[in-house]
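Note sheet for the following structure.
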Amino acid sequence: MVNYNAIELMIIAAARLLENGSTVAVGTGAPCAAAMLAQKTQAPDLIIAFESGGLAPLLPVMPISVGDSRSFHRALMAGSMSEIMEICQRGLMDYTFLGGAQIDPYGNLNSTLIGDYEKPKVRFPGSGGADDLASFCWRTLIIIPHSRKRFVNKLDFLTTPGYLNGPGAREAAGLPRGCGPYRVISDLGAMSFDQETKRMQVESLHPGVSYEQVQQSTAFEIPRARNMGETTPPDKTELRILREEIDPYRYVIGR
Amino acid sequence: MSNLRAGIGPLFMSPDTEATRELFRKKNKALTNKLMSVKEAVERFVKDGDYLGSGGFGTNRIATAALHEILRQRKRNLGFAGHTATHDFQILAAGNMNGAKLLSRVDLAYIIGLEARGLSPHSRRVVESGELEVCEWTNYALACRLRAAAAGIPFLPSYTMLGTDTFRFSAAKEIECPFTRRKLVALPALNPDVSVIHVHEADSYGNCRIGGITVADPDLARASKRVIITTERIVSTDEIRSAPQATVIPALCVDAVCEVPFGSYPGNMPGEYFSDEEHLRQWLEVEKDVAAFSAFLKKYIYDVPDFESYLQLCGGMNRIAKLRALELLVPGREKDGQL
Numbered sequence: 038m039v040n041y042n043a044i045e046l047m048i049i050a051a052a053r054l055l056e057n058g059s060t061v062a063v064g065t066g067a068p069c070a071a072a073m074l075a076q077k078t079q080a081p082d083l084i085i086a087f088e089s090g091g092l093a094p095l096l097p098v099m100p101i102s103v104g105d106s107r108s109f110h111r112a113l114m115a116g117s118m119s120e121i122m123e124i125c126q127r128g129l130m131d132y133t134f135l136g137g138a139q140i141d142p143y144g145n146l147n148s149t150l151i152g153d154y155e156k157p158k159v160r161f162p163g164s165g166g167a168d169d170l171a172s173f174c175w176r177t178l179i180i181i182p183h184s185r186k187r188f189v190n191k192l193d194f195l196t197t198p199g200y201l202n203g204p205g206a207r208e209a210a211g212l213p214r215g216c217g218p219y220r221v222i223s224d225l226g227a228m229s230f231d232q233e234t235k236r237m238q239v240e241s242l243h244p245g246v247s248y249e250q251v252q253q254s255t256a257f258e259i260p261r262a263r264n265m266g267e268t269t270p271p272d273k274t275e276l277r278i279l280r281e282e283i284d285p286y287r288y289v290i291g292r
Numbered sequence: 007m008s009n010l011r012a013g014i015g016p017l018f019m020s021p022d023t024e025a026t027r028e029l030f031r032k033k034n035k036a037l038t039n040k041l042m043s044v045k046e047a048v049e050r051f052v053k054d055g056d057y058l059g060s061g062g063f064g065t066n067r068i069a070t071a072a073l074h075e076i077l078r079q080r081k082r083n084l085g086f087a088g089h090t091a092t093h094d095f096q097i098l099a100a101g102n103m104n105g106a107k108l109l110s111r112v113d114l115a116y117i118i119g120l121e122a123r124g125l126s127p128h129s130r131r132v133v134e135s136g137e138l139e140v141c142e143w144t145n146y147a148l149a150c151r152l153r154a155a156a157a158g159i160p161f162l163p164s165y166t167m168l169g170t171d172t173f174r175f176s177a178a179k180e181i182e183c184p185f186t187r188r189k190l191v192a193l194p195a196l197n198p199d200v201s202v203i204h205v206h207e208a209d210s211y212g213n214c215r216i217g218g219i220t221v222a223d224p225d226l227a228r229a230s231k232r233v234i235i236t237t238e239r240i241v242s243t244d245e246i247r248s249a250p251q252a253t254v255i256p257a258l259c260v261d262a263v264c265e266v267p268f269g270s271y272p273g274n275m276p277g278e279y280f281s282d283e284e285h286l287r288q289w290l291e292v293e294k295d296v297a298a299f300s301a302f303l304k305k306y307i308y309d310v311p312d313f314e315s316y317l318q319l320c321g322g323m324n325r326i327a328k329l330r331a332l333e334l335l336v337p338g339r340e341k342d343g344q345l
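Residue numbers (the working numbering), protein chains in the order written: chain A, 38 to 292; chain B, 7 to 345.
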């Protein structure tokens with residue numbers, strides 16, 4: 038049995054979702070680590086894109102900023118923000134990888150504020166590119182730690198669209214057809230979305246986690262998916278690559 | 007199509023392109039020497055009440071010298087466009103302290119945070135205090151607004167922001183596509199009064215080259231009524247003419263050219279030097295306490311005459327040599343400046 042922490046597990050579980058030859062637009066931190074890990078394991082031809090302009094870099098180390106030199110190191114193209122966002126808007130981006138402060142049952146995300154808009158208790162950075170990417174990319178992957186404060190029934194602010202308020206809502210709002218949240222990876226499990234209701238459900242439990250634990254850490258009702266399984270634990274190779282090659286100074290996976 | 011919605015956020019700048027055309031008609035288009043000091047450029051081209059654009063990407067290829075000078079000259083009531091504005095916003099927000107108000111209105115997509123480094127305590131105080139008028143956007147929405155202005159048209163359409171509170175608190179409007187009947191978001195042209203952009207190379211007229219990603223800077227320069235360029239190096243116009251495909255901002259757009267070596271410090275400059283994570287961390291840390299932050303600003307910005315002196319205080323060429331080794335991934339130096 039190998040030892041690993043919650044963030045390592047989240048990154049490794051997320052990395053496995055990215056197939057070889059697909060395209061993914063990522064932010065820094067855990068999403069970027071997951072994309073790098075996928076590139077160094079099952080998806081050597083994964084095309085990674087950064088919203089500031091880098092397309093298909095060969096990342097030497099994890100970027101600190103999504104616009105630093107690493108984000109287009111030995112890339113196929115150093116473009117612009119419009120270039121990358123329009124690749125997504127045209128339908129060429131399979132995945133985007135996002136985080137957030139809050140998520141609701143439909144996979145909508147809040148990264149703007151806690152409290153009231155006029156008098157916020159806490160102000161966060163805002164959308165950045167998240168709303169753009171979740172509007173344009175085919176599948177949105179989300180990494181977010183599990184707690185009742187984060188998995189809420191109603192967001193304080195809907196920054197970034199998931200399935201909005203249910204089936205057909207994205208299309209009615211005018212968003213491109215056939216896109217939306219695909220998986221939510223937390224420290225307790227992997228969640229998917231029910232095809233009919235578009236609500237979040239538990240797809241797999243991480244090793245040692247019970248379904249009840251997930252429900253208790255979620256402020257809305259979160260049913261089991263039909264074939265709910267258990268997440269395969271990280272293997273030695275994934276952990277070695279993550280620890281030695283991707284984040285040797287442990288600034289994402291923790292010190 | 008009925009039920010087309012409009013955002014309720016404030017529209018700080020008119021998207022009327024006729025007015026900007028008149029301004030651009032009067033602009034000096036002759037090739038003239040625009041070399042000057044950062045001090046002179048900010049004195050001449052940044053006015054109280056102006057709406058300001060900042061090039062680069064937060065901690066990458068930012069015009070630090072010009073931003074410091076704006077602070078040093080204690081400009082007031084500026085508007086600001088913040089698409090992933092991190093250290094640049096942090097510098098400007100430092101002007102909103104002890105009763106002073108450098109910023110008064112902000113079109114924001116991403117401010118307050120410094121990405122993986124965490125949130126800026128002072129920027130949070132400024133935004134949460136309610137002293138700024140704010141309008142929500144996304145990074146691409148702001149890029150489109152600059153592109154529309156650069157194209158000389160009043161708006162560009164996109165599928166971004168549909169269905170969200172980000173749209174609700176923006177100043178965008180839903181429209182119906184005349185061809186497909188689809189709903190789209192119209193993003194109003196944004197012509198900043200003045201922009202500050204740091205580049206790798208420019209000639210004395212303001213023809214500019216950028217190494218690496220351009221973010222939104224070619225559009226920002228075209229959209230802005232006045233443009234201050236700071237550059238790592240001045241090159242000859244012969245050099246520019248020898249490779250015209252490398253010019254990303256033509257002199258036509260530019261009002262001032264200031265040679266500022268290492269001018270993106272403590273930010274990253276692609277191919278030149280990496281970001282100074284130690285200094286950025288120190289800045290984030292000292293912001294926690296208002297008195298300590300005031301003393302920090304006095305030491306590093308208000309009490310120094312120029313950017314060169316700031317760089318000296320931060321370790322000068324020794325520091326830059328380390329950051330250059332880090333940028334170039336010189337073996338054995340990987341650990342310098344890590345988070």
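Every residue, glycine too, gets a C-beta built ideally from N, C-alpha and C.
Classify residue i as helix, strand or coil using the three-state DSSP reduction.
i: A:G205; result: coil
i: B:S300; result: helix
i: B:V132; result: helix
i: B:L345; result: Since pLDDT at B:L345 reaches only 40, below the 50 mark, its modelled position is unreliable, and no value is offered.
i: B:G105; result: coil
i: B:K3; result: Because chain B spans 7 through 345 in this model, residue 3 of chain B falls outside it and cannot be assessed.
i: B:L319; result: helix
i: A:K191; result: coil
i: A:E240; result: strand
i: A:Q79; result: coil
i: A:L129; result: coil
i: B:A72; result: helix
i: B:A22; result: Checking the displayed sequence, the identity of residue 22 of chain B turns out to be Asp instead of Ala. In the structure shown, B:D22 sits in coil (DSSP, three-state: anything other than H, G, I, E or B).
i: A:D284; result: coil
i: B:Q79; result: coil
i: B:H89; result: coil
Does residue i come within less than 8 angstroms of chain B when only Cβ atoms are used?
i: A:D105; result: yes
i: A:G166; result: yes
i: A:T72; result: In the sequence under discussion, the amino acid at residue 72 of chain A is Ala, which differs from the Thr named in the question. No, because no Cβ of chain B sits closer than 8 angstroms to the Cβ of A:A72.
i: A:A51; result: no
i: A:E88; result: yes
i: A:G163; result: yes
i: A:T60; result: no
i: A:R214; result: no
i: A:F230; result: no
i: A:D169; result: yes
i: A:Y41; result: no
From the options, pick the residue whose C-alpha is nearest to that of residue i; which is it?
i: A:G199; options: A:L129, A:G144, A:I140 and A:A167; result: A:G144
i: B:T70; options: B:E333, B:E314 and B:K53; result: B:E314
i: A:D305; options: B:D309, B:S43 and B:G218; result: Beyond the ends of chain A as shown, which are 38 and 292, falls residue 305 of chain A; an answer cannot be given.
i: B:V202; options: B:V233, B:Y316, B:P256 and B:S164; result: B:V233
i: A:P68; options: A:Q126, A:A50, A:F173 and A:I151; result: A:A50
i: A:S229; options: A:T177, A:L95, A:L113 and A:F161; result: A:T177
i: B:E278; options: B:P21, B:D261 and B:N66; result: B:N66
i: B:T243; options: B:F173, B:T38, B:D22 and B:K32; result: B:T38
i: A:E63; options: A:I44, A:A167, A:A43 and A:T269; result: It is Val, not Glu, that sits at residue 63 of chain A in the sequence shown. Closest option to A:V63, Cα to Cα, is A:A167.
i: A:N42; options: A:N147, A:A209, A:E282 and A:P270; result: A:P270
i: B:W143; options: A:L83, A:T197 and A:E267; result: A:T197
Tell me, please, whether the CB atom of residue i is closer than 8 angstroms to any CB atom in chain A?
i: B:S201; result: no
i: B:G321; result: no
i: B:V133; result: yes
i: B:L345; result: Confidence is the limiting factor: at B:L345 the pLDDT is only 40, short of 50, which leaves the residue's position unreliable, though a coordinate-based value still follows. At least one chain A Cβ lies under 8 angstroms of B:L345.
i: B:D342; result: Here B:D342 scores only 48 on pLDDT, less than 50, and its place in the model should not be relied on; the value that follows carries that caveat. Chain A, which has no Cβ nearer than 8 angstroms to the Cβ of B:D342, makes this no.
i: B:M167; result: yes
i: B:I117; result: yes
i: B:V241; result: no
i: B:K189; result: yes
i: B:Y316; result: no
i: B:F313; result: no
Under 8 angstroms Cβ to Cβ from residue i, same chain only, skipping five residues before and after it: list those, please.
i: B:S300; result: M103 and N104
Near residue i, which residues of its chain fall below 7 angstroms by C-beta distance, leaving aside the five closest residues on each side in sequence?
i: B:S129; result: F95, Q96, A99, I117 and I118
i: B:L162; result: C150, R153, A154 and L193
i: B:I216; result: V205, H206, D223 and V254
i: A:A291; result: Before going on, a small fix: residue 291 of chain A reads as Gly here, not Ala. N42 and I44.
Sorted by chain position, which residues of the same chain lie with C-beta nearer than 6 angstroms to residue i's C-beta, five sequence neighbours on each side aside?
i: B:R325; result: none
Ranges of the beta strand (DSSP E) found wholly within the region 227-264 of chain B, counting only runs of at least 3: DSSP runs (the beta strand (DSSP E)) wholly in the region 227-264 of chain B: 232-240.
Complete alpha helix (DSSP H) runs within the region 119-195 of chain B (minimum length 4 residues, chain order): Segments of the alpha helix (DSSP H) lying fully in the region 119-195 of chain B: 127-134, 145-157 and 171-174.
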